[in-house]
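Below: one structure, written as structure tokens.
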Amino acid sequence: TMAPDIQAQLMHTIMKTFTYTNKQAKNLFQELMMCVKKRDLITIFRMGEESSQDIDLSILIALLRSSCASSIDQLKLALTWNRVDIARNYILSGAHQWPEQALEEIMVTALKTDKVEFCRLLLENGIYMQKLLTIHRLEELYNTVI
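In the UniProt record's numbering, the protein residues as written are 1 to 146.
Encoded structure:
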């Protein structure tokens, strides 16, 4: 809860800044209070600052932080966004045991979508090409290219 005098001051600021009626300001205030209750889901992005990261990177990091997705799903998301840096620094950085089949699936997707840096990263993290490239997978990859 917020002290009544601070709430009144914030309401006044909202009304003055946005030229809102008391009812509009109250609605916005209530929305702001709902957002603040889940402050771990809030990411602030400052446009135009030199130290600011790319907006896509900020969005992806916010998604990874806020989601209850498994590490594999996070890795798939990083692959989809072609952010090998996120995969390397945030997802594959721990001493995590990765399901071999899931990593192989991600490797096949990286090969099909020509994401060379992801392929290199997966090779560094335990993918064995001799085991991965079965006759069936080679045919699948060949047919994807053609």
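Beta carbons are placed, not taken as given, at the ideal position from N, Cα and C, and that holds for glycine.
Buried/exposed call for residue i, threshold 16 Cβ in 10 Å
| i | result |
| --- | --- |
| R65 | exposed |
| I106 | buried |
| E124 | exposed |
| R83 | buried |
| I135 | exposed |
Where the alpha helix (DSSP H) containing residue i begins and where it ends
| i | result |
| --- | --- |
| H12 | P4 to F18 |
| C119 | V116 to E124 |
| Y97 | The amino acid at residue 97 is misidentified as Tyr; the sequence shows Gln. Note, Q97: premise wrong, no alpha helix (DSSP H); not H, not E. |
| A62 | I55 to S66 |
| T80 | S71 to T80 |
| M47 | That residue, M47, is in no alpha helix (DSSP H); it is neither H nor E in DSSP. |
| L28 | N22 to K37 |
Where residue i sits in the DSSP three-state scheme
| i | result |
| --- | --- |
| T134 | coil |
| I86 | helix |
| I106 | helix |
Inter-residue CB distance, residue i and residue j (contact presumed, cutoff 8 angstroms)
| i | j | result |
| --- | --- | --- |
| A25 | M15 | 4 angstroms |
| L75 | A87 | 6 angstroms |
Contact with chain B by residue i, beta-carbon distance below 8 angstroms
| i | result |
| --- | --- |
| A3 | Among the protein chains of the structure shown there is no chain B, as only one such chain exists. |
Give a yes or no on contact between the stretch 104-115 and the stretch 75-86, applying the rule of three or more CB pairs nearer than 8 angstroms.
-> Verdict: yes, contact present.
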